[in-house]
Amino acid sequence: MKNRKTAGFILIAVLLVLTCLAGCGKLAAYSNGNGKGNEAGTAAVSAADEKTKAAAVTTEAAKTEAGRKTEAAQKTEAARPETEQAASELTAGTDADVSRQAAEEESRRAAEEESRRIEESIAEASRQAAEEESRRAEEEASRRAAEEASRQAAEEASRRAEEEASRQAAEEESRRAAEEESRRAAEEESRRAAETTGPVQSQPDYIANTSSHKFHYPWCHSVEQMAEHNKWYFYGNRQELINQGYVPCKNCNP
Ligand SMILES: [Zn+2]
535 MKNRKTAGFI
545 LIAVLLVLTC
555 LAGCGKLAAY
565 SNGNGKGNEA
575 GTAAVSAADE
585 KTKAAAVTTE
595 AAKTEAGRKT
605 EAAQKTEAAR
615 PETEQAASEL
625 TAGTDADVSR
635 QAAEEESRRA
645 AEEESRRIEE
655 SIAEASRQAA
665 EEESRRAEEE
675 ASRRAAEEAS
685 RQAAEEASRR
695 AEEEASRQAA
705 EEESRRAAEE
715 ESRRAAEEES
725 RRAAETTGPV
735 QSQPDYIANT
745 SSHKFHYPWC
755 HSVEQMAEHN
765 KWYFYGNRQE
775 LINQGYVPCK
785 NCNP
């Protein structure tokens, strides 16, 4: 604004100088005319007039221009409050803009914070899920190990029970075998003892009744009722007794 105003004043000053110079020319011509004659003086005056007129025109034009520029300056001056207001508004707008940017920045930070918080929350949830998964896996492994241990213990117990049963059965079998062996050994011993006693053994093969001509095993109860003098302690084959006319007892059936 000020530059325009200054340019206007400078232009006016230049025009005034030019006008002044034109005036001086006129004076010079007039002085010249006094020395060189009327014709030359007239011509000079005419030329000076022309110059003055031209200068006047130029001045008028300059004035018009200056007036236009002054008007423009005035308009500019008049417009200043508006401009200042506009500038103020601009400043206000800038303030609002700054405020808005600050708000945006704040909003962005809040959003970032929220985003970060959400990410942390997700990470935490993920970590917790991983821990839970790990804990479950450990529990599962522990449970399986316990099951396996239990199963093995059951198998071991079953195996031991089978072994124990097998061992007891073997012992029982062994005991029976030993008993059988012992019984057989005793029988054998008894038989040998009987053999060694030979013909002088106290127990006869049969006892025959010399009165009734019946013969019995020694253990038959009929023998008890027999009179001692009728007893015949027979050592030998039953056929020998039959051949001698003796008959087997119907009770003990020898
Ligand atoms: Zn008999």
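For the sequence shown, the positions run 535 to 788 when our numbering is used.
Even for Gly, the Cβ is constructed at its ideal location relative to N, Cα and C.
Beyond the five residues adjoining it in sequence on each side, residue 743 comes within less than 6 Å, by CB distance, of 760, 764 in the same chain, given in chain order. Burial of residue 750 is indicated by the presence of at least 16 other C-beta atoms within 10 angstroms of its C-beta. Shortest gap from the CB of residue 771 to any heavy atom of ligand 1: 6 Å or more. Secondary structure at residue 750: strand, using DSSP grouped into helix, strand and coil. At a Cβ-Cβ threshold of 7 Å, residue 780 and residue 738 do not count as neighbours. Taking 8 Å as the upper bound for CB-CB distance, residue 745 and residue 783 are not in contact here, some 14 Å apart. For residue 787, the three-state secondary structure derived from DSSP is coil.
Remark: the C-beta of residue 785 is in contact range of ligand 1, defined as less than 6 Å to any heavy atom.
With a cutoff of 6 Å, residue 756 counts as near ligand 1, since its C-beta is closer than that to a heavy atom of the ligand. Non-local beta-carbon contacts of residue 785 in its own chain, meaning distances under 7 Å to residues more than five positions away in sequence, involve 754, 756 in chain order. Between ligand 1 and residue 750, a heavy atom-to-CB distance of less than 6 Å is present. By the Cβ-count criterion, residue 769 is exposed, with fewer than 16 other Cβ atoms from all chains shown falling within 10 Å of its own Cβ.
Per DSSP, residue 743 is one residue of the beta strand (DSSP E) stretching across 740-743. Excluding the 5 residues flanking it on each side, residue 711 has no same chain C-beta neighbour closer than 7 Å. Boundaries of the beta strand (DSSP E) harbouring residue 767: 765-768, taken from the DSSP string.
The Cβ neighbour count for residue 741, taken over all protein chains shown within 10 Å, is at least 16; the residue is labelled buried. For residue 777, the enclosing alpha helix (DSSP H) stretches over residues 772-777.
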